[in-house]
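Visitor: Residue numbers (this note's numbering): 51 to 268.
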Amino acid sequence: MNRSTSSSRWVWTVAPFARFNYKFSKTRSLQANYRMRSNQPSLTQLQPVADVSNPLNIIVGNPELKPTFNHNMNVRFSDFDQTKQRSVMANLNLTWAQNSIVNKTKFDPSTGGRTTTYENVSGVWSAMAMNMISLPFGAAKTWYFSNHTFMRYNQNRGYNNGEMNTSGSFSINLSPGLAFRNGMFDLEIRPRYGFQTTHNTVVSANNRNVHTYSGMFN
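#1: Look at the alpha carbon of VAL171 and the alpha carbon of VAL152, and state the distance between them as a whole number of angstroms.
#2: Tell me whether GLN135 sits in a helix, a strand or coil according to DSSP, three-state version.
#3: Whose C-beta lies closer than 8 Å to the C-beta of GLY265 among residues of the same chain, with five residues either side of it excluded?
#4: Please name the residue, chosen from ALA229, THR199, GLY212 and THR167, that lies closest to GLY188 on a Cα-to-Cα basis.
#5: Classify ARG53: buried if its beta carbon has 16 or more other beta carbons within 10 angstroms, exposed otherwise.
#6: Determine the extent of the beta strand (DSSP E) in which THR251 is found, giving its start and end residues.
#7: Can you tell me whether DSSP reads THR94 as helix, strand or coil?
#8: According to DSSP, simplified to helix, strand and coil, what is LEU80?
#9: Return yes when the Cβ of GLY163 is within less than 8 Å of the Cβ of PRO105, no when it is not.
#10: Just grab the DSSP bridge partners of PHE187 for me.
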């Protein structure tokens with residue numbers, strides 16, 4: 051091995067974990083969890099020597115890459131009252147990455163080839179929120195209202211022909227329901243609505259909004 055191209059490095063990583071659990075009562079509780087994990091760059095991503103086995107797809111590593119630290123946090127609330135036949139649940143999940151490793155590709159229009167290397171970027175994260183609720187109403191408690199809500203947002207960052215692009219995607223799904231149950235009849239109507247939008251800072255032509263409508267009756 052050529053001594054001038056050999057190198058060594060030490061990387062210290064930690065993997066903390068925390069958990070919190072609190073009970074307001076026998077039927078109502080709150081939980082929170084946090085976890086962090088690290089991912090080391092591969093030898094291919096670190097090797098600074100160009101791989102020219104395919105002249106149209108040259109790959110060069112980046113020895114300055116840092117490890118990626120992935121964080122995850124989850125919070126959950128639940129409440130179930132059997133006497134009142136009431137049920138409520140909410141969940142929030144958040145993930146984010148420090149020093150996320152992405153490809154950085156540049157195209158050469160004269161040759162039709164491309165050169166790819168790797169970079170650390172920040173701003174990569176996602177969030178998810180979900181809620182379910184079921185509530186009886188009326189003197190005889192034969193009517194029930196319920197609702198399911200799900201929301202998600204994802205943000206990624208990368209390079210488009212050497213230019214930084216930030217892409218985001220947001221979606222929400224709603225499903226409210228109204229039911230009548232008296233021991234003889236069990237009737238329910240549940241409309242559904244979904245919305246999704248995506249946006250990019252570089253390739254704006256890929257931005258779009260999508261609406262979805264549906265429903266069911268049992």
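Cβ coordinates follow ideal geometry from the N, Cα and C atoms, glycine included.
Guide: Checking against the coordinates, here is how it stands:
#1: If you take the alpha carbons of VAL171 and VAL152, they lie about 7 Å apart.
#2: Shown here, GLN135 sits in coil according to DSSP, grouped into three states, outside any helix or strand.
#3: Within the same chain, and ignoring the five residues on either side of GLY265 in sequence, the residues whose Cβ sits closer than 8 Å to its Cβ are ILE239, ARG240, PRO241 and ARG242.
#4: Considering only alpha carbons, the answer is ALA229.
#5: With a pLDDT of 45 at ARG53, under the threshold of 50, the modelled position of this residue cannot be trusted; read the value that follows with caution. Sixteen is the threshold: since fewer than 16 other Cβ atoms of the shown chains lie within 10 Å of the Cβ of ARG53, the residue is exposed.
#6: Counting along the chain, THR251 falls outside any beta strand (DSSP E), and DSSP gives it neither H nor E.
#7: Assigned with DSSP and collapsed to three states, THR94 falls in helix.
#8: Strand, per DSSP.
#9: At a Cβ-Cβ threshold of 8 Å, PRO105 and GLY163 count as neighbours.
#10: TRP193.
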